[in-house]
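Q:
2 protein chains.
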Amino acid sequence: MTAHPAATAAMLAIGDELLSGRTKDKNIGHLAELLTLAGIDLKEVRIIGDEPHFIADTLNTLRRSYDYVFTSGGIGPTHDDLTADAVAAAFGLPIGEHPDAVDILSDYYAGRGLEFTAARRRMTRTPEGAILIENPVSKAPGFRVDNVFVMAGVPQIFQAMLGNVMATLPAGQAIRSVAIPCPFGEGDIGDPLRSLSQSHPGVSIGSYPKFDGDSYSTEIVLRSRDDRALDSAAAAVSAMLDDLRQARPATAG
Amino acid sequence: MTAHPAATAAMLAIGDELLSGRTKDKNIGHLAELLTLAGIDLKEVRIIGDEPHFIADTLNTLRRSYDYVFTSGGIGPTHDDLTADAVAAAFGLPIGEHPDAVDILSDYYAGRGLEFTAARRRMTRTPEGAILIENPVSKAPGFRVDNVFVMAGVPQIFQAMLGNVMATLPAGQAIRSVAIPCPFGEGDIGDPLRSLSQSHPGVSIGSYPKFDGDSYSTEIVLRSRDDRALDSAAAAVSAMLDDLRQARPATAG
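These protein sequences, in sequence, are chains B and A. All residue numbers for the first sequence refer to the numbering used here, where the first residue is 330 and numbers rise by one. All residue numbers for the second sequence refer to the numbering used here, where the first residue is 330 and numbers rise by one.
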């Protein structure tokens, strides 16, 4: 079974607070999981600060290299929210208030008895031709330009926006994975696992060490879009572990 | 008070498991915090998979752009641990067993009654001329080549190695920061904060929205290497918040 090559993606997380350590990113892992389920290969993530030229340059590199780019952060109402302008600059597009966004937010703030301040109006600005991404949490929308999806950094809002986005993307053939717990450390399995990996070229075989402070174990993870190749490799790993158990019941790193 | 420009740094986190979502990175935030304390500016983070050419190319970009590069992941004993080879390729250096690393690991495994397998010997391989980074947790060392620090991905080991590395770096003048809790949402403070930011050019002013599921608040964070400018900006923010409290005691996004 030969699949189409999977679509590729990158993520660009934007915010000085991520680079200072003040905020710990929670969006990268969430996006990674959803893309994996959708059969889209996340190839690269970058985290950069609130610097408009650097955002635009980085975005141009990523959007030309991958099928999709997902951004988080920098679309709020304050002066350090520079992502929308940077996206417009990257595409060479003018930026202005999106009429649908103005309607959504003016209704929202009127309903809450709040002033629709200039700061709040900033959240309606998108590059010309952008398609809005609905924000069910706090209404101020994200937006899509070409293959770039611009979303908020607050995790609840990022996740809500991403849910709307994922529903619009064609699902690829998801990679199936099999995780095999292994009581031996990587030092014990490294040599047999290397030859096993070479004899199963259609399957990606990773080993992830776990250290509980005293002894090691490993999770061996096999991934493939080819079910038959995956099953065959998984059987070979299990046989390898049986051999090791007979040879040395003890374990260490 | 004029400081020397701060040293700059990038991080390169390596591992397919980070991009699939199977493993959530815990090292980026830790490095970010330590660099901030040390007065070193973390400018960029990238996460990429276990692809040797891509690792080497990315590393070459980063090491030429920043004063320091910190890597995590891919230095274990298995076939998917490709970082040491990629670092050697990036620098155009031959790779071989580091004699001190061989001594450390042969003693360690002998002491635990374990075979020093070919897989375990892989962990002694470094680019020629590399300086070892001690690993107090599981002994297999990291290493430094020029301005690149190559460390393990397992968080306990990354943190232990990084502790050793940080002690060797000249500390810059740390950025001082002041965090001011603000009961108003960003939409309320965005306009006055923008003009305040423009009138205090030596101070970086960020605002970080918090959403508890119902209402918004904000943390306003001021950063500067200039103590006097920082105190002046902080006083201006406090005065701004007093004005807002008198104008409207309520709060929302």
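By construction, the Cβ of each residue, glycine as well, lies at the ideal position given by its N, Cα and C atoms. Note that this is a predicted model, so its numbers are computed, not measured.
Quick one, which residues of the region 427–447 of chain A are near chain B if we go by CB-CB under 7 Å, in chain order?
A: Against chain B - using a Cβ distance shorter than 7 Å - the residues of the region 427–447 of chain A are R441, L443, T446 and A447.
Q: Cβ of A/I369 less than 8 Å from any chain B Cβ?
A: Answer no: the Cβ-Cβ gap between A/I369 and chain B never drops below 8 Å.
Q: Can you find a C-beta in chain B that's less than 8 Å from the C-beta of A/E463?
A: Closer than 8 Å: no.
Q: By the criterion of Cβ-Cβ separation under 8 Å, what are the contact partners of A/R523 in chain B?
A: Here the neighbours are T407, H408 and A448.
Q: Taking only beta-carbon atoms, is B/S553 less than 8 Å away from chain A?
A: For B/S553, the answer is no, since every Cβ of chain A falls outside 8 Å of its Cβ.
Q: Would you say A/I462 and A/A415 are within 8 Å of each other, going by their C-beta atoms?
A: No.
Q: Would you kindly report the start and end of the unbroken beta strand (DSSP E) that includes B/T400?
A: That run of the beta strand (DSSP E) goes Y397 to S401.
Q: Since I believe A/Y395 is in contact with A/A339 (beta carbons under 8 Å), could you give me their beta-carbon distance rounded to a whole number of angstroms?
A: At roughly 5 Å, the Cβ-Cβ gap stays under 8 Å, so A/A339 and A/Y395 are in contact.
Q: Drop a sphere of 10 angstroms on the beta-carbon of B/L391, count the other beta-carbons inside from all chains shown, and report buried for 16 or more, exposed for fewer.
A: It counts as buried.
Q: Give the residues of chain A in contact with B/F540, contact being defined as C-beta atoms less than 8 Å apart.
A: By Cβ distance, chain A contributes V466, S467, V483, Q485 and I486.
Q: Would you list the residues sitting across from B/S506 in a DSSP beta bridge?
A: According to DSSP, B/S506 bridges with B/R552.
Q: Any C-beta of chain A within less than 8 Å: which residues of the region 348–359 of chain B qualify?
A: Correct list: L348, S349, G350, R351, T352, K353, D354, I357, G358 and H359.
Q: Can you tell me whether DSSP reads A/S435 as helix, strand or coil?
A: DSSP places A/S435 in helix when its eight states are reduced to three.
Q: Touch check for the region 535–542 of chain A and the region 403–414 of chain B: three-plus C-beta pairs under 8 Å?
A: These segments touch.
Q: For chain B, find out if any of its Cβ atoms is closer than 8 Å to the Cβ of A/G402; answer yes or no.
A: It does not: the Cβ of A/G402 has no partner Cβ on chain B nearer than 8 Å.
Q: Give the straight-line distance between the Cα atoms of B/E380 and B/R574, rounded to the nearest whole angstrom.
A: Cα to Cα, B/E380 sits roughly 55 Å from B/R574.
Q: Using 10 angstroms around the beta-carbon of B/E515, count the other beta-carbons present and answer buried if the total reaches 16, otherwise exposed.
A: Label assigned to B/E515: buried.
Q: Using the rule of at least 16 other Cβ atoms within 10 Å of the residue's Cβ for burial, across every protein chain shown, is A/H631 buried or exposed?
A: Residue 631 of chain A is absent from the model: chain A starts at 330 and stops at 582.
Q: Where does B/G501 land, buried or exposed, given buried means 16+ other C-beta within 10 angstroms?
A: The residue is buried, with at least 16 neighbouring Cβ atoms inside 10 Å.
Q: So if DSSP puts B/L452 in a beta bridge, which residue, or which two residues, is it bridged to?
A: First, the residue type needs correcting, since residue 452 of chain B is Met and not Leu in the sequence shown. Note: B/M452 sits in no beta bridge, so no partner.
Q: Of all the options A/R454, A/A336, A/I424 and A/T352, which has the alpha carbon lying nearest to the alpha carbon of B/R362?
A: For clarity, residue 362 of chain B is Glu in the given sequence; the question names Arg instead. The residue with the shortest Cα to Cα distance from B/E362 is A/T352.
Q: Verify whether the separation of the beta carbon atoms of A/S401 and A/A481 is less than 8 Å.
A: Cβ distance < 8 Å, so A/S401 and A/A481 count as in contact.
Q: Would you identify the three-state DSSP class for B/E346, choosing helix, strand or coil?
A: Of the three classes helix, strand and coil, the one that applies to B/E346 here is helix, per DSSP.
Q: Can you check DSSP and say which residues form a bridge with B/G535?
A: Note: B/G535 sits in a beta bridge opposite B/V550.
Q: Do we get a CB-CB distance below 8 Å when we pair A/D414 with the residues of chain B?
A: So no, A/D414 is outside the interface.
Q: So B/E515 is in the alpha helix (DSSP H); what residue range does that whole segment cover?
A: Segment E515 to Q527, the alpha helix (DSSP H) holding B/E515.
Q: Whose C-beta lies closer than 6 Å to the C-beta of A/S526 among residues of the same chain, with five residues either side of it excluded?
A: Counting only Cβ-Cβ distances below 6 Å, and skipping sequence neighbours, we find I534.
Q: Assuming A/A336 and A/I369 are in contact, meaning their beta carbons sit under 8 Å apart, how far apart are those beta carbons, in whole angstroms?
A: Indeed, because the Cβ distance is near 5 Å, the residues count as touching under 8 Å.
Q: Alpha carbon to alpha carbon, what distance is there between A/D432 and B/N476?
A: Distance between the alpha carbons of B/N476 and A/D432: 52 Å.
Q: Taking all protein chains shown into account, decide if B/G405 is buried (16 or more other Cβ within 10 angstroms of its Cβ) or exposed.
A: When all chains shown are included, B/G405 counts as buried.
Q: Suppose contacts are defined by Cβ-Cβ distances below 8 Å. Is A/G531 in contact with B/T365 by that definition?
A: No, they are not a contact pair.
Q: Could you work out which residue in A/E373, A/S567 and A/S524 is closest to A/E548 when comparing CA atoms only?
A: Among A/E373, A/S567 and A/S524, the Cα nearest to that of A/E548 is on A/S567.
Q: Apart from the five residues just before and just after A/S435, which ones in its own chain have a Cβ nearer than 7 Å to its Cβ?
A: Counting only Cβ-Cβ distances below 7 Å, and skipping sequence neighbours, we find F445.
Q: Would you say B/E346 faces chain A, with C-beta separation under 8 Å as the test?
A: True, the Cβ-Cβ gap to chain A drops below 8 Å.
Q: So which residues of chain B does A/L537 contact, with C-beta pairs closer than 8 Å?
A: The sequence given here has Tyr at residue 537 of chain A, not Leu. The contacting residues are E346, R351 and T352.
Q: Per DSSP, which one or two residues make a beta bridge with A/D543?
A: In DSSP, A/D543 forms no bridge with anything.
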